[in-house]
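Adding 295 to a residue's 1-based position in the sequence shown gives its number in the numbering used here. The beta carbon of each residue, even a glycine, is placed where N, CA and C say it ideally should be. Note that the coordinates shown come from a computational prediction; the quantities given were computed from them, not determined experimentally. Have a look at the structure below before the remarks.
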Amino acid sequence: MSKGAIVCVDDEKFVLIALRDQLTSFLGNEHEILLAQSASEALEIFAELEKEQIPIPLIICDRIMPQMSGEKLLIEIHARYPKTRKILLTGQASFEEVIDAVNHADLYRYISKPWDETDLSLTVREAIRSYFQDRQAIEQNEALRKVNEALQREIADRKQAQQLLQESEERLESILNSLEEVVWSVEPNPPKLLYLNPAAEKVYGRSVSEFFENIDLWLKVVHPDDRERIAQIPQMLLELGNMSVEYRILRPDGEVRWLSSRHRVLYDANGLPIRTDGIIRDITQEKLAQERLLYEALHDALTGLSNRTLFMERVESALQRAKRHSGYLFAVLFIDLDRFKIINDSLGHQVGDQLIISTAQRLETLVRTTDTIARLGGDEFVILLDAIEDINDAIRIAERISAKLKEPLNLDGREVFTSASIGIALSSSNYHQASDLLRDADIAMYRAKAKGKSCYEVFDKEMYAQALAQLQLENDMRQALERNEFQVYYQPIVSTQMGKIAGFEALIRWQHPTRGFVSPAEFIPLAEETGAIVPIGEWILGSVCQQIKRWQEQFSFTFPLKVSVNLSAKQFRDTDFLRKIDKILMQTGLEGGNLQLELTESMLMDDVENLIGILSQLRVRGIQLSIDDFGTGYSSLSYLHRFPVNYLKIDRSFVKGLGDNTESLKITESIVALAHNLKLAAIAEGVETKEQLMQLRQLGCEYVQGYLFSPPVPAKAATKWLAKLFDAAKATNYDGSGAMPLSNGRLSKD
């Protein structure tokens, strides 16, 4: 038979089941464990248990729930069932919410999710023990009350008064001796200890006789910081009649304990004090639990550094101090580790965590104790440099941090190198909120990353303006798809040997409603960074396939040209990538043979085996593949022959150097030779002069594209060209296969 019921509340059923199983594992059948998925259900369970007079020693409640939060539920429970111990489970908590729960719900403990089973076991056992200990004390006090009532009734019978009194005193002493609380009684004038139960020896670490021998020992054992306050209690007690107080004591072994003491004065018929009674309870564990709760709410679990909440409080305090003292300066440093994601993904999260911990330890050696270091999450750290002379102090610290973090670390038997990008924001009268300083330091940090990483940048107003402009551009870009502001332009790809169009490369253009033409160099990197490149890329593929189909329907015979579309790394890593390709081909009714996809070298080095599988699937669909900007990346030649690609595209930087740069000529010649050795064709980008075309033809480069033939043009213009070329092709009995004839070596602008 169970001693009581434990109520577990969480809106996630699997969490409740896991909690019940773990509680059962260490409590067995000692207590009934009831589960509730909402606050209302929990209150109904409490009401039912109350009707059945079943004790409820403990409620374990999740913080974030629909309808009523965990904090509000515990406040409600405390109002109705104040003796029940309350534990709050949460994955995150603000400082204010935790304090509110502590102050209004008498929160016993806060436990982070996921919880540690050992910590949960110890906390639950201690909470249950505490509940039944208090319950026992209440029952014993009730028994004491009944004994006293019986005593008064019995005293009325004078014949049995003495015998009953003796029996009552024996029972009372037995009860008092069994209590864990210290019970005492003192005669006021002069002070004389009348009674002290044995529990005092356990709490104070001193024998009961010591207190009887020295009445002043009561005050001497009080902690020096609390002694003056406690010395005033006797006088205050005579004025008030009863009171409660919390204070610390020092045991002979040096241990500090927290006590809660309740006092009551008894008066005679004339209103004169005749005795003071008191009960003292050891609340050390409760105080430690509260301190632990506050610490966990204000510190990072992995590093022990301050967290965002505490850091922002410190910055707010610094801002207030700066308002009071015009000469006071401080700075905020925003630190982001370079290459952390690569290290974390390649070496594992355990090594990543070790790197974060080691970085925190390094940072602590570089600042003063008056400064504050915090971890915001991931690989982001911030530092509040307190009371500096000028910006040069902050720069010196940033340089020291940068140098220290470049030093190699040995993590899990591996030598790991990293660095940091640092943004600095200096306090000024323009700042009114801590969040503004953090924002500007963050902006400066991103500027440092953009400059090449492993450096620092000091925030200035221009950075803020640029950040706002970048944010506006991002917002506009996300809406551009819905507003049909993007367009696909087409640049012809020409056969060098036959002088005919072999296909097009599709290129995105953005016509902004107020800014006009926005360069792809400006918005494509932003789309990559924000992930917007995935829906944009999908739109390009769909638009291109629709356009090819329109061209096929417009011209009487099969459209023979291929259109090449650039793929982003994020697009390619999309788990639904192949399904989306199939959907577009099915919706447009297009064969895969009309489509060519371009990948960059860097994309080929990530998860090679999986990549080869995806490329092979694309080839099965008839889609041709090319490696874009070849020679500018870092692809491994040992893997290159395994990729089922059709073309290598020579970057325009090499083509531009042809004619007057022997190095560019040698590189271009090597790429063409490599392509041929791998049985691939070569395509040169950025051809602008006849001399470049001639050299590429001599090197054996099969295809070229560039402004020598045509810039990228809208679909309407490309359609006009195709119409003229097809008319010319018909006149020469063109059969609709292979490359289309290109008259005069250049497309007309008409």
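Going residue by residue through the segment 762–830, where are the continuous alpha helix (DSSP H) segments of at least 4 residues, counting only ones entirely within it?
815–825
Own chain, CB closer than 6 Å to Val310, minus 5 neighbours either side, in chain order:
none
Work out the CA separation of Gln761 and Ser861 for me, nearest whole Å.
The question names Ser, yet the displayed sequence has Asn at residue 861. When rounded, the distance between both Cα atoms is 28 Å.
Is DSSP giving Trp410 helix, strand or coil here?
coil
Could you tell me whether any non-hydrogen atom of the ligand FAD is closer than 6 Å to the CB of Gln317?
By its list of ligands, the structure shown contains no ligand whatsoever, and the ligand FAD lies outside what it can speak to.
Cα-Cα separation, Gly798 to Arg778
29 Å
Cys840 - DSSP class collapsed to helix/strand/coil:
helix
If you reduce the DSSP assignment to three classes, tell me which class Asp259 lands in.
A query on residue 259 cannot be resolved here, the shown segment of the chain reaching from 296 to 1045 and no further.
Among Asp563, Pro547 and Arg543, which one has its Cα closest to the Cα of Arg576?
Arg543
I need the boundaries of the alpha helix (DSSP H) containing Thr319, first residue and last residue.
Lys308 to Leu322
Given this structure, state the Cα-to-Cα distance separating Pro352 from Ile578, to the nearest angstrom.
18 Å
Given a cut-off of 7 Å on the beta-carbon distance, is the pair Leu821 and Ile717 in contact?
no
Roughly how many angstroms separate the alpha carbons of Thr604 and Ala613, rounded to a whole number?
14 Å
Residues near Pro830 by beta carbon distance below 8 Å, same chain, minus five either side
Leu776
With 16 as the cutoff for other CB atoms within 10 Å, does Leu561 come out buried or exposed?
exposed
Please determine, among Gln990, Leu910, Ser714 and Phe427, the residue with the shortest C-alpha to C-alpha distance to Ile696.
Ser714
Among Pro703, Asn639 and Lys756, which one has its Cα closest to the Cα of Leu721?
Lys756
Looking only at its own chain, which residues have a Cβ that is under 6 Å from the Cβ of Ala1013, when we skip the five neighbours before and after it?
Tyr785
Curious, which full-length beta strand (DSSP E) runs of at least 3 residues does the segment 865–899 contain?
890–895
So, is the C-beta of Tyr403 closer than 7 Å to a C-beta in chain D?
The structure shown has no chain D; it contains just one protein chain.
Continuous alpha helix (DSSP H) stretch holding Gln1046: start and end:
Look at the range of the chain in this structure, 296 to 1045, and you will see that residue 1046 is not part of it.
CB contact flag (Glu675, Asp631, <7 Å):
yes
Inspect the beta-carbon positions of Cys996 and Thr809 and report whether they are closer than 7 Å.
no
Is Met363 helix, strand or coil by DSSP?
coil
Kindly identify the DSSP beta-bridge partner or partners of Phe925.
Ile945
Start and end of the alpha helix (DSSP H) containing Val940?
Here Val940 belongs to no alpha helix (DSSP H), and DSSP marks it neither H nor E.
Closest residue to Arg801 among Ala422, Gln767, Leu836 and Gln774 (Cα-Cα distance)
According to the sequence as given, residue 801 is Ala; it is not Arg. Cα-wise, what sits closest to Ala801 is Leu836.
Inter-stretch contact at 8 Å, needing at least 3 Cβ pairs: the segment 336–356 / the segment 431–442:
no
Tell me the DSSP secondary structure of Ala729 in three-state form.
helix
Quick one, are the C-beta atoms of Ile382 and Arg358 less than 7 Å apart?
no
Count the CB pairs spanning the segment 958–967 and the segment 741–757 that are closer than 8 Å, and state whether there are at least three.
no
Please name the residue or residues paired with Trp553 in a DSSP beta bridge.
Arg543
Distance between beta carbons of Asp688 and Leu680, contact taken as under 8 Å
7 Å
Roughly how many angstroms lie between the CA atoms of Lys748 and Asp633, to the nearest whole one?
7 Å
Just to confirm my understanding: we take Ser1043, look at its own chain, exclude 5 residues before and 5 after, and list those with CB closer than 6 Å. What are they?
Low local confidence applies: a pLDDT of 43 at Ser1043 is under 50, so the model's placement there is unreliable, with the coordinate-based value given in what follows. For Ser1043, where only same-chain residues beyond five positions count, there are no Cβ hits under 6 Å.
Touching or not, the segment 643–663 and the segment 733–744, by the rule of three or more beta carbon pairs under 8 Å?
no
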